[in-house]
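One gets our numbering by counting positions in the sequence shown from 1 and adding 10 to each. Let me begin by presenting the structure, written as structure tokens, before commenting on it.
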Amino acid sequence: MNRRPPTQFCSACGHPVELRIPPGDNRERHVCTHCGAIHYQNPRNVLGTVPVWGDQVLLCKRAIEPRLGYWTLPAGFMEIGETTSQAAARETLEEAGAIVDVGALFSLLNVPHVNQVHIFYLAQMREPQFAAGEESLEVALFSEDEIPWDDIAFPTVAKTLRYFFEDRRAGAFGVHLEASTPDAAMPGVPVPSLPVHTAHTEDILTPMLRV
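Shown next as structure tokens:
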């Protein structure tokens, strides 16, 4: 399912576009009927963090749709000119008012039905200071037994939180990769097994294990 609105006019010259397969390509693209510009549509990266203070994780209650009033990890769309870790830190500051030291990549989850990839980094809060940004109704620290599981906004957030607490109990954090389902895969492209787990050894993770 493609939830992006179809391209109708060329952003270069304003003329109508049509769907056709450009030379050397293998799928339909929006091609300008006047200047020939090809308008590609690619998945959007959503970057966020698992912000930790002591034995608690920082969550935001959404002030916007979708999922208004539900809890989420601070995350949002990556901007041009940013690295993934910079985007994650910026979104954490904007949505939760928290300054963090971004650590290792923690989860990468494909969401092909909305053309997105959700990427979360482990992050250590510098201080237990936070405040709701414009897109948050409330921000709060939660221990594992306080997480409002029935009110988590998105499946990718719930999965990431469960991975985090499972890894912390195990004493080692991993990278959790989730591939798209077989029916969403391109023909001839193998689908990795779910999930892929590898150990981290970065020093920033050590305080997260001392709980």
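Glycine included, C-beta positions come from ideal geometry on N, C-alpha and C. No experiment lies behind these values; they were computed from the predicted model shown.
Closest option to GLU89, judged by alpha-carbon separation, among ARG100, TRP81 and ARG30: ARG100. Distances from the CA of SER153 to each of VAL62, ALA22, GLU28 and PRO26 were compared; the closest alpha carbon is that of VAL62. If only complete runs of 3 or more residues are kept, the stretch 55 to 123 shows the beta strand (DSSP E) at 66 to 72, 85 to 87 and 110 to 121, in order along the chain. Here DSSP, grouped into helix, strand and coil, assigns TYR50 to coil.
The stretch 137 to 156 makes contact with the stretch 68 to 78: 3 or more CB pairs, one atom from each, lie closer than 8 Å. DSSP places ALA182 outside any alpha helix (DSSP H), giving it a letter other than H or E. Per DSSP, reduced to three states, the secondary structure at PRO165 is helical. In the structure shown, the three-state DSSP call for ARG39 is strand. Per DSSP, the continuous beta strand (DSSP E) segment holding PHE152 begins and ends at 146 to 152. Around ALA163, the same chain offers ARG72, ARG77, TYR80, TRP81 and THR82 as residues with beta carbons nearer than 7 Å, after the five sequence neighbours per side are excluded. Counting C-beta pairs with one atom in each stretch, the stretch 52 to 60 and the stretch 125 to 137 have three or more that are closer than 8 Å, which means they touch.
Taking C-beta separations shorter than 8 Å and ignoring five residues to either side along the sequence, the partners of THR17 in its chain run VAL27, HIS40, HIS49 and GLN51, following chain order. The C-beta separation of VAL112 from ALA133 comes to about 5 Å, placing the pair in contact by the 8 Å criterion.
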